[in-house]
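Residue numbers (the UniProt record's numbering): 1 to 134.
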């Protein structure tokens with residue numbers, strides 16, 4: 001479409017730079033090179049150009065953050081009663097940490113939070129070991 005707008009024939013790129021469009025050349029009708037894709041046309045283009053992925057699959061991304069790393073390393077497996085019990089302990093410990101964090105900040109509360117977070121990390125690592133053993 002650029003060649004159409006320039007009213008110029010298609011040429012290959014030469015090794016030597018020279019004047020390709022001579023003086024007095026008139027250009028064609030200018031038009032937009034890009035168009036906004038309409039929502040209705042998006043599905044047509046997806047079918048035409050091979051977009052097999054569904055709309056729900058596109059937004060999935062790996063989780064980010066501190067806690068996401070430990071969860072990402074745990075492969076999905078059938079959970080044993082020991083794993084379920086450990087998950088329950090982790091949930092209880094997490095709730096305890098959340099309640100401590102909601103309290104007013106004092107040095108005693110900060111020390112207690114740090115201690116309880118360490119317990120929570122230990123429980124999570126124990127759960128990861130249980131998953132690795134299965």
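No residue lacks a Cβ here, since even glycine has one placed at the ideal position from N, Cα and C.
Quick caveat: nothing in here was measured; it's all calculated off a predicted structure.
Per DSSP, reduced to three states, the secondary structure at residue 94 is helical. Counting along the chain, residue 40 sits inside the alpha helix (DSSP H) bounded by residues 39-49.
Take residue 113, set aside five residues on each side of it, and the residues of its chain with a beta-carbon closer than 8 Å to its own are 97, 100 and 101, in chain order.
The closest CA to that of residue 128, considering only 103, 79 and 28, is found on 79. By a beta-carbon distance limit of 8 Å, residue 130 contacts residue 82. Their separation comes to about 6 Å. Cβ-Cβ distances below 7 Å link residue 28 to 4, 5, 6 and 7 in the same chain, with the five nearest sequence neighbours on each side left out; the list follows chain order.
Remark: C-beta atoms of residue 119 and residue 93 approach each other more closely than 7 Å.
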